[in-house]
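> Below is one structure. I have some questions about it.
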Ligand code: 5GP
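In this note's numbering, the protein residues as written are 339 to 530.
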């Protein structure tokens, strides 16, 4: 059997990592999205068990207590996100490679648990202005939430060099998708 591999995309909110991950999933049948748990409220366009496992703070806490998470983070004040062990098992059991879309601290924690099996991509938005414009254009957050996301994003940008690959997603999404795909294909072919 191939050795376990985990692909992780991290980077600030608004870096475009979710768009890259979605595009990769649509062209690479070898990959399957790792659905995270969150206490965030579901957005209108999101589906339970597809985008996230939406949980109450109490359910989330009980999962922490039963050691159900590989990693979990309070990414924003009172808003928690986490990767469940059973989600990675579910995907690995189908013979596919899990692809995670998580924050920078989450990625560092995945690295600690999985070491060389984890392949971590940092998606860099280019500059702060691009990031701010993308967050505004999404219309999913109010000004206060955008300000909080920006504050965190600026901090996260300083982490980029800790990861295996940096994807500069500043102008052309397709270019970022293509270069990510090339790297992932090499990872899949190399049996490390
Ligand atoms: P959003 O609320 O925009 O869906 O996600 C907010 C941030 O939480 C994003 O940076 C996203 O990648 C991150 N995130 C989503 N799932 C997880 C997870 O399971 N663990 C961690 N640490 N971060 C996550």
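Idealized CB from N, CA, C, for every residue including glycine.
If I follow the unbroken alpha helix (DSSP H) through residue 362, where does it start and stop?
Taken as a continuous stretch (DSSP letters only), the alpha helix (DSSP H) holding residue 362 covers 355 to 365.
> Compare the Cα-Cα distances from residue 385 to each of 373, 440, 492 and report the closest residue.
Of the listed residues, the one whose Cα sits closest to residue 385 is 373.
> Please state if the CB of residue 439 and the CB of residue 355 are separated by a distance shorter than 7 Å.
For residue 355 and residue 439, yes; Cβs fall inside 7 Å.
> Could you pull the start and end residues of the alpha helix (DSSP H) that residue 420 belongs to?
Counting along the chain, residue 420 falls outside any alpha helix (DSSP H), though it belongs to the beta strand (DSSP E) covering 417 to 422.
> Determine the burial state of residue 441: buried for a count of at least 16 other Cβ atoms within 10 Å of its Cβ, exposed for fewer.
Counting Cβ neighbours within 10 Å, residue 441 comes out buried, since at least 16 surround it.
> If you drop the 5 nearest sequence neighbours on each side, which residues of the same chain put their C-beta closer than 8 Å to that of residue 432?
Excluding positions up to five away in sequence, the list reads 370.
> Following a CB-centred definition, is residue 528 positioned closer than 6 Å to any heavy atom of ligand 1?
No, since every heavy atom of ligand 1 falls outside the 6 Å radius drawn around the Cβ of residue 528.
> Less than 7 Å between C-beta atoms, sequence neighbours within five positions excluded: which residues of the same chain meet that for residue 508?
Cβ within range, chain order: 463, 464, 468.
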